[in-house]
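*Asks:*
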Amino acid sequence: MPDSRIEIARVAKDFSVDGRPLRALDGIDLTVAPGEFVTIVGASGCGKSTLLRIVAGLDPAHDGEVRHDGRPVTGPSLERGIVFQEPRLFPWLTVAENIGLGLENARLSAAETARLVAEHVALVGLSGFEKAYPRQLSGGMAQRAAIARGLVNRPGLLLLDEPFGALDALTRARLQDELQRICAREGITALLVTHDVDEALLLGDRVVVMAPRPGRIAEILDVPALKPRDRRDPVLAALRHVILDRLEETQGAVPQTATAREAGRRPASLLARPDTVSV
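Sequence positions in the sequence shown follow numbering that gives the first Met the number 0 and run 0 to 278.
1) I need the straight-line Cα distance from D17 to G186, nearest angstrom please.
2) In chain order, what residues of the same chain lie with their CB nearer than 7 Å to the CB of L88, ignoring the 5 residues before and after it?
3) Spatial neighbours of V278 within its chain, please: CB distance less than 7 Å, with the 5 preceding and 5 following residues excluded, ordered by chain position.
4) Measuring alpha carbon to alpha carbon, tell me which of A189, L238, T249, P90 ends up nearest L51.
5) Report, in whole angstroms, the separation of the C-beta atoms of P154 and R79, which I expect to be a contact under 8 Å.
6) Given a cut-off of 8 Å, decide if V94 and V120 are closer than it, judged by their beta-carbon atoms.
7) Going by C-alpha to C-alpha distance, which of R171, T30, D13 sits closest to P24?
8) Using DSSP with H/G/I as helix, E/B as strand and the rest coil, what is R19?
9) Any chance the stretch 99-107 sits against the stretch 160-179, with 3 or more Cβ pairs inside 8 Å?
10) Work out the CA separation of K130 and V31 for me, nearest whole Å.
11) Whole angstroms is fine: what's the gap from V37's alpha carbon to T112's?
12) Answer yes or no: the CB of I187 versus the heavy atoms of the ligand ADP, is any distance below 7 Å?
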């Protein structure tokens, strides 16, 4: 997979609300080095996904400039793979056929297409499910297929828009670990958007903290922990507090971690020793 570099310079974006311009992004400057994994974290409405769409070439109506390997980004390209929160698999196609869609415009022979599809099926741990249809897959398996489709044409850059946000906690953790493994093995340059501070720290070489209204970069933090990372690493715990404090300073609304979200969905029990309770 080729090395890839992204340069974002003075990017700003306005939307029209009730006939008046609303600034969604303002003065975004960021460079992602070849082979680097950068995560972007912030609360809803801070422009994270809008920025990712601009980098992908899906939203060309903006100020400033985005360059991919020195060339201006003016529209979508096979050089940039993208994975969304929902797998977006075609239900009438098998896993292999869905992954193969990423090669439709690559002008490869049938044999080379089949080889690359098989390689990426194995890469994401779906061997044996090549002929399965999306309805026969779990949410995690469907997202693995979507990741394989994003990688199969060997893009220089992988863009991920909250790819694990709709999954349960256990599946999310497994796919985070799988993504760590794949990126390390393939030397992928990646940009991932997330609400989850823990996910941002687990995966990112750097974490971009965004502030809202208008969306802007509040801080960029290096994550010095070695990969593959352990979620219990004290370095990550210390940085987690720094990011949460920074988010609270800039917006007063702190994104929940995955652990907090899962806890909020479950019944809670309170335990107390009998000798401490009086009626």
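All C-beta atoms in this analysis are idealised placements derived from N, C-alpha and C, irrespective of residue type, glycine included.
*Replies:* Here's the rundown:
1) For the purposes of this step, residue 17 is taken as residue 18 along the sequence shown, with counting starting at 1. For the purposes of this step, residue 186 is taken as residue 187 along the sequence shown, with counting starting at 1. Approximately 45 Å, taken between the alpha carbons.
2) Position 89 of the sequence shown, counting from 1, holds the residue named residue 88. If we look at L88 and ignore the five residues flanking it on each side, its Cβ neighbours are N97, P133, A141, A144, A145.
3) If you number the sequence shown from 1, residue 278 lands on position 279. Summary for V278: the model assigns pLDDT 45, below 50, so the residue's position carries little reliability; its value from the coordinates is reported in the next sentence. Closer than 7 Å at the Cβ level, and outside the excluded window around V278, lies no residue.
4) Reading the sequence shown from its first residue, position 52 is the one you call residue 51. Ranking A189, L238, T249, P90 by Cα distance to L51 puts A189 first.
5) Residue mapping note: residue 154 aligns to position 155 of the sequence shown, counting from 1. Residue mapping note: residue 79 aligns to position 80 of the sequence shown, counting from 1. R79 and P154 do touch by the CB rule: their CB atoms are close to 6 Å apart, below 8 Å.
6) Counted from its first residue, the sequence shown places residue 120 at position 121. Counted from its first residue, the sequence shown places residue 94 at position 95. Taking the C-beta atoms as reference points, V94 is found nearer than 8 Å to V120.
7) For the purposes of this step, residue 24 is taken as the residue at position 25 of the sequence shown. It should be pointed out that residue 24 corresponds to Leu in this sequence rather than to Pro. Residue D13 is the option with its Cα nearest to L24.
8) Here the question's residue 19 lines up with position 20 in the sequence shown. Three-state result, R19: strand.
9) No, the stretch 99-107 is not in contact with the stretch 160-179.
10) As a working note, residue 31 is residue 32 in the sequence shown. As a working note, residue 130 is residue 131 in the sequence shown. Straight across, the Cα-Cα distance linking V31 with K130 is about 37 Å.
11) For this step, residue 37 is matched to residue 38 along the sequence shown. For this step, residue 112 is matched to residue 113 along the sequence shown. Straight-line measurement puts the Cα of T112 at about 30 Å from the Cα of V37.
12) The ligand content of the structure shown is nil, which means the ligand ADP is not present either.
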